[in-house]
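So the protein sequences, as listed, match chains A and B. Residue numbering for the first sequence follows the working numbering, starting at 1281 and increasing by one per position. Residue numbering for the second sequence follows the working numbering, starting at 1281 and increasing by one per position. Cβ coordinates follow ideal geometry from the N, Cα and C atoms, glycine included. Please read these numbers as outputs of a predicted model, since none were measured by experiment.
Protein chains: 2
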Amino acid sequence: MRIAFQGAPGAYSEAAGLRFKPSAEPMPCETFEDVFDAVQNRKATHGIVPIENTIGGTIRQNYDLLLRHELPIVAEVHLPVVHNLVALEGVRLENVKRVYSHPQALAQCEQFLRGLKGVEIVANYDTAGSAKMIADGKMTDAAAIASDRAAEVFGLSILETGIQDFAENITRFLVISTEALTQGKADKTTIAFSVPNEPGALFKALSVFTLRDIDLGKLESRPIPGRPWEYLFFADLKADREDFRCARALIHLAEFAPLVRTLGSYPSWKEPETGGSKAETRNQTANLV
Amino acid sequence: MRIAFQGAPGAYSEAAGLRFKPSAEPMPCETFEDVFDAVQNRKATHGIVPIENTIGGTIRQNYDLLLRHELPIVAEVHLPVVHNLVALEGVRLENVKRVYSHPQALAQCEQFLRGLKGVEIVANYDTAGSAKMIADGKMTDAAAIASDRAAEVFGLSILETGIQDFAENITRFLVISTEALTQGKADKTTIAFSVPNEPGALFKALSVFTLRDIDLGKLESRPIPGRPWEYLFFADLKADREDFRCARALIHLAEFAPLVRTLGSYPSWKEPETGGSKAETRNQTANLV
């Protein structure tokens, strides 16, 4: 199994891929689009992309990419985000004059960064890339905000750990594949649908699920380009698409929705149990990233 | 009337402010947060911020800022976005080696930019700022993507106009003020609400409006920081909050929603009629931006 991810080795997406399958070979890609292309062109068996963070919200670009491709979602992965301030061995907090990271990571550590006096904050391409730059440039007056795995990969020390503003900072990733095989029983289905531009249309759309006791995990709206003030909705249903109620609900929705598409049906994330085997130990490390 | 906006003179936000009130004095601010602060601290009577674009979607940061402040929405403005390739007088398309603009504007002109061979695309702070940089630096081998007003302000020529991928590219702005006076009758209300974390909760929330024939113009979800997988919803209702049905619906919603807040009730945007008076002529110019 080879899993394409966006970013440099040590990126949070790589850690999420290893949570999904500890024995997989991670394949770094420059952009999210490259991840989809790698799976489409069979250069990777799977791809993993972030879809939602409990602080920052939805990564909308990946919903757009799911819609533009025919690559089913086969799994989801939750990754607790623990940000660290990392620097060269021997560098101390008072030596740090500049902090580099991805804008999203900088925003998530705002309180901590405010406490550092006279330090310049510099936005950069990605978190692991910032750590790499400090290692490659042997920068003794700078630090990066990155995962502990990035520190390990680039031989940096951790000056401070858990510097994010909210402890419960979790990113949810989706795994895509041309092989629609899921591990375990599907109990979650992600769909995209549009509604006619008339009063009560969204309410009617949701009713096909509520009237069948199918719970909604998330609802996201995106504009339809070229059709001002009309929206496409992305919803997570807490049911297998093969479930009779769910299948009927989707047929009911298609009676009046101009577009209904299932993007995948897959098992919802379960935290791995910690244990003694080798695979589990590796998984446990990824837990902490 | 002084209207705070984010960006440099010639920014699309400034044009939107002048569409709202042609005689107003525009006040440039560095960030969206600065716009809210200027209104809060009475340095400006009004502020204007983009909330949604028909291609790019919601500007979520401004929903977060609306929630963090107690500044009511008093109006909305629609601005058709027409992107132009602007350069120094005498520069021709074949001389252009680099194109500067805001990442969002670059993304909206992707097809056009792909047609320019051997040109470097450079992301910059803002559209009007890119035009200013070219003017100030007397750069004869570069161009910017910006509004026609930015070209006028910085004395640049328009090499190509209407270079955006979708003709119907419209940005919706919200006007905030400490003076809750609206011009005209309110027929739109923006609210924020949360729902209990239980099955069918969002459906029940929407039912308070649908059962009273109140139409929903937009629904946007944002994560609640520190409470994973719980969401806050922002909705546009097509009714005045003082309308009996709307007032009852909001009271009904508050019976079971942990949070209900009205962010403002205001007249929905009407395209200005073109005419002969001086103010209208100026408005007409803004129309074309």
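According to the DSSP assignment, Glu1374(A) belongs to no alpha helix (DSSP H), since it is labelled neither H nor E.
Collapsing the DSSP output to three states places Gly1497(B) in a strand. Looking at the DSSP output, Glu1440(A) bridges to Leu1365(A). Cα atoms of Tyr1511(A) and Arg1502(A): separation of roughly 5 Å, rounded to the nearest angstrom. At least one CB of chain A lies nearer than 9 Å to the CB of Tyr1511(B). Around the beta carbon of Val1354(A), 16 or more other beta carbons sit within 10 angstroms, so the residue counts as buried. Secondary structure note for Thr1470(A): its beta strand (DSSP E) is the uninterrupted segment 1468-1474.
The stretch 1425-1440 of chain A and the stretch 1312-1328 of chain A do not touch, with fewer than 3 CB-CB distances between them shorter than 8 Å. If you check each beta-carbon in the stretch 1332-1353 of chain B against every beta-carbon of chain A, the ones closer than 9 Å belong to Glu1332, Asn1333, Thr1334, Ile1335, Gly1336, Gly1337, Thr1338, Arg1340. If you draw a 10 Å sphere on the C-beta of Gly1297(B), you find 16 or more other C-beta atoms in it, and that means buried. In the DSSP assignment, Gly1544(B) falls within the beta strand (DSSP E) that extends over 1540-1546.
Listed along chain B are Pro1505, Gly1506, each with a C-beta nearer than 7 Å to that of Phe1446(A).
Under the Cβ criterion of 9 Å, Lys1397(B) is not counted among the residues facing chain A. Secondary structure at Thr1451(B): strand, using DSSP grouped into helix, strand and coil. The C-beta of Glu1390(B) comes no closer than 9 Å to any C-beta of chain A. Judged by DSSP in its simplified three-state form, Gly1409(B) adopts helix.
Judged by DSSP secondary structure, Pro1383(B) falls within the alpha helix (DSSP H) whose first and last residues are 1383-1388. Interface with chain B (9 Å Cβ-Cβ cutoff): Asp1406(A) is excluded. Rounded to the nearest whole angstrom, the C-alpha separation of Ala1472(A) and Trp1509(A) is 17 Å. Closer than 7 Å at the C-beta level to chain A, one finds these residues of the stretch 1471-1483 of chain B: Pro1479, Gly1480, Leu1482, Phe1483.
For Asp1467(B), none of the residues of chain A pass the 8 Å Cβ criterion, the least Cβ distance being about 14 Å. Between the alpha carbons of Phe1316(B) and Met1281(B) lies a distance of about 16 Å.
Contact between Leu1517(A) and Phe1483(A) does not hold, since the beta-carbon distance rounds to 17 Å and is not under 8 Å.
Gly1337(B) is bridged by DSSP to Asn1333(B).
Contact between the stretch 1447-1458 of chain B and the stretch 1338-1355 of chain B is present, with at least three C-beta pairs closer than 8 Å. In this model, Glu1440(A) and Ala1534(A) are separated by some 52 Å (Cα to Cα).
With a 10 Å radius around the Cβ and a threshold of 16 neighbouring Cβ atoms, Asn1321(A) comes out exposed. The contact set of Ser1487(A) on chain B, defined by CB atoms closer than 8 Å, consists of Phe1483 in chain order. The beta carbon of Leu1436(A) sits closer than 7 Å to those of Val1366, Ala1367, Leu1368, Ala1411, Ile1414, Ala1415, all from its chain and outside the five residues before and after it, given in chain order.
For Glu1553(B), the three-state secondary structure derived from DSSP is coil.
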